[in-house]
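The numbering of the sequence shown is the working numbering, which starts it at 1188 and goes up by one.
What follows is a short report on a single structure.
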Amino acid sequence: MKPITPALRWTLFGLLCVAGIFNAMDRPVIAILKPDMSADLGWSDSDFANLAFVTQVAAALSFLFTGWLVDKIGVLRSMIFGVTTWSLAAMAHGWAVAGWHVVSARIGLGATEAVQTPLTIKTVATLFPPDKRSFAFGVGTAIAGIGTITMPFFIPVIAAIWGWRGALIFGGIGGFVTLALWLWFARGVKFDDKAEDAQRDFSDDGAPYGPILMERRTWAIVIAKALSDATWWLINFWLPDFYRKEFGLTTSELAVPLAIAFLGSGAGALFAGWLSTRLLEAGWSVNRVRKTVMFGSAAIVVPLPFVLTLDSFWPVAIMMGVVMAGHQGFSLSIFSIITDVVPRRKVGRVTAFGAFMGNMGGATIQLVTGAVLAAGLGFTPLFIFAALSYLLALGWLHLLLPAIRRAETDQEAVSAQ
């Protein structure tokens, strides 16, 4: 059995994050190449809103299964299953010649990519000691952010050569290459991620973590996730369209402002992860660290509606980067709370249920956005909701979870070092 050294730990996690880039690249491909797809398929804004909705619902419903699957079969088999299925689903777009073909491929991709989130959180809970997990989440999000930043630059190039279908096939091929590298580095590693030690089902105050749907801590997490993720999916899917409508940008001109937004996303996650780890090492309680970082993240999103009053484009682009940073700091803290309060053998299920609720929030905001824009109301009501969503999420989490305590035993934390 090969020991999991710090270098190997970070290598395996880094490759998982790279696989996640190829997993998630379908969404910016669709957003960036929306005009090309519209011309090809004859779709309207409402059609694209419906496409985003069905993708989101497919992913959301799959989360009800994928969390159990990841907990059941563990990190190694989940990595093989997840990357293989979502890569095949991405490549299926290459044969889409009608609108229903695209919808079918998107449903398949939404369903299979739902393995990524519980797999990532389960991997962090398995490979990293408790105080290092926030930083790992930050690094992982920064890696994903780097991938997202580069997409507005190379996706139009790929599309110019092979079309929008070729850009999605590229993502599937990249997933398979990354999986092969991950398996090479993981050979001989025994992942202790399915242990049934009963002690792990108790928090440090002796309270058992019961069935996840009956557990107050679960509902504190998942409702906060739904509220905050609604804003993430709003910005993630509609930001290119906002720039086109408000500032008349072309597809090629979107590269830099979108890069700024996702640079903010990665930087925000990396800083929040680093800060959380440093504060924990300085002796702050888990409860104080998580809620302080979440409040700071929520506060910097509040000015978002004021971008609609600005005539200059670049301040708007920078503010969108700040909003993305705030989201990732908040989201990172939610994932960290899952590894804090949930026993390791239930991490996949709670994470997936939270992702289900987050995707349902995202699906709802897609339909609302389509209706609001079709009614001619613009982005104002949407940005007002976004500005308040994180404060509402934090208020809910604090109401149901006034004190955050770790579920793992001291012995478990030491063995993970």
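A virtual CB, placed ideally from N, CA and C, is assigned to each residue, including glycine.
All figures in this text were calculated on a predicted structure; none of them were measured in a lab.
C-beta contact flag for residue i and residue j at 9 Å
{"i": "V1302", "j": "F1357", "result": "no"}
{"i": "V1537", "j": "T1418", "result": "no"}
{"i": "G1535", "j": "V1257", "result": "yes"}
{"i": "G1632", "j": "L1203", "result": "With the chain represented from 1188 up to 1604, any question about residue 1632 goes unanswered, as that position is not in the structure."}
{"i": "K1189", "j": "G1325", "result": "no"}
{"i": "V1311", "j": "L1238", "result": "no"}
{"i": "A1542", "j": "P1305", "result": "yes"}
{"i": "N1546", "j": "D1416", "result": "yes"}
{"i": "A1558", "j": "I1422", "result": "no"}
{"i": "M1338", "j": "I1219", "result": "yes"}
{"i": "A1236", "j": "T1551", "result": "no"}
{"i": "I1447", "j": "A1331", "result": "no"}
{"i": "G1516", "j": "M1481", "result": "yes"}
{"i": "W1369", "j": "L1199", "result": "yes"}
{"i": "V1476", "j": "S1463", "result": "yes"}
Rounded separation between residue i and residue j - CA only
{"i": "V1443", "j": "F1449", "result": "10 Å"}
{"i": "I1294", "j": "L1248", "result": "11 Å"}
{"i": "L1491", "j": "M1506", "result": "7 Å"}
{"i": "A1600", "j": "P1589", "result": "Because A1600 sits at a pLDDT of 44, beneath the cut-off of 50, its placement in the model cannot be relied upon, and the following sentence gives the value as read from the coordinates. Cα to Cα, the separation comes out at about 23 Å."}
{"i": "I1333", "j": "G1453", "result": "7 Å"}
{"i": "I1308", "j": "F1252", "result": "16 Å"}
{"i": "L1366", "j": "M1266", "result": "8 Å"}
{"i": "F1340", "j": "S1439", "result": "8 Å"}
{"i": "T1373", "j": "F1566", "result": "Before going on, a small fix: residue 1373 reads as Ala here, not Thr. The straight-line gap from Cα to Cα measures roughly 46 Å."}
{"i": "D1223", "j": "L1445", "result": "18 Å"}
{"i": "G1455", "j": "A1561", "result": "33 Å"}
{"i": "A1469", "j": "W1461", "result": "12 Å"}
{"i": "V1510", "j": "G1451", "result": "8 Å"}
{"i": "H1514", "j": "Q1243", "result": "19 Å"}
{"i": "I1360", "j": "D1318", "result": "35 Å"}
{"i": "W1471", "j": "L1584", "result": "19 Å"}
{"i": "I1191", "j": "L1457", "result": "23 Å"}
{"i": "F1570", "j": "V1529", "result": "33 Å"}
{"i": "L1263", "j": "D1498", "result": "51 Å"}
{"i": "D1392", "j": "V1473", "result": "Bear in mind that a pLDDT of 47 at D1392, under 50, signals an unreliable position, so the model cannot answer this."}
{"i": "L1586", "j": "F1250", "result": "26 Å"}
{"i": "A1459", "j": "V1364", "result": "31 Å"}
{"i": "F1500", "j": "P1568", "result": "20 Å"}
{"i": "P1316", "j": "M1544", "result": "27 Å"}
{"i": "S1523", "j": "M1401", "result": "21 Å"}
{"i": "A1206", "j": "G1362", "result": "5 Å"}
{"i": "L1495", "j": "D1227", "result": "32 Å"}
{"i": "T1437", "j": "P1343", "result": "11 Å"}
{"i": "F1378", "j": "A1346", "result": "40 Å"}
{"i": "A1329", "j": "S1518", "result": "13 Å"}
{"i": "S1390", "j": "I1591", "result": "Confidence is the limiting factor: at S1390 the pLDDT is only 45, short of 50, which leaves the residue's position unreliable, though a coordinate-based value still follows. Their backbone Cα atoms lie some 10 Å apart in a straight line."}
{"i": "A1504", "j": "L1426", "result": "10 Å"}
{"i": "R1465", "j": "G1201", "result": "21 Å"}
{"i": "Y1577", "j": "A1323", "result": "22 Å"}
{"i": "E1383", "j": "A1512", "result": "Low confidence applies here, because E1383 scores a pLDDT of 43, under 50, leaving its location unreliable; read the following figure in that light. Going from the Cα of E1383 to the Cα of A1512 covers about 37 Å."}
Option in the options with minimal Cα separation from residue i
{"i": "I1408", "options": "S1520, S1231, P1190", "result": "S1520"}
{"i": "A1292", "options": "A1573, T1304, E1300, A1276", "result": "A1276"}
{"i": "A1411", "options": "L1238, S1265, G1549", "result": "G1549"}
{"i": "D1527", "options": "L1238, G1353, S1274, T1313", "result": "T1313"}
{"i": "W1273", "options": "A1246, G1261, W1255", "result": "A1246"}
{"i": "H1288", "options": "F1322, R1352, F1324", "result": "R1352"}
{"i": "R1320", "options": "K1377, T1299, W1197", "result": "W1197"}
{"i": "R1532", "options": "L1195, G1254, I1342, F1235", "result": "G1254"}
{"i": "R1593", "options": "T1479, I1525, I1552", "result": "I1525"}
{"i": "A1279", "options": "R1264, P1427, L1296", "result": "L1296"}
{"i": "L1414", "options": "A1331, S1523, V1344, A1580", "result": "A1580"}
{"i": "F1424", "options": "L1554, G1582, L1575", "result": "L1554"}
{"i": "D1428", "options": "D1227, S1231, L1195, G1201", "result": "S1231"}
{"i": "G1563", "options": "A1329, K1377, L1400, S1233", "result": "S1233"}
{"i": "G1281", "options": "W1369, M1401, A1354, G1201", "result": "A1354"}
{"i": "A1137", "options": "L1578, I1336, G1201, A1539", "result": "Residue 1137 lies beyond the stretch modelled for the chain, which goes from 1188 to 1604, so this question has no answer here."}
{"i": "T1479", "options": "W1371, G1582, F1493", "result": "G1582"}
Identity of the residues DSSP links to residue i by a beta bridge
{"i": "K1189", "result": "V1376"}
Are the region 1470 to 1490 and the region 1426 to 1434 touching by the rule of at least three beta carbon pairs closer than 8 Å? no
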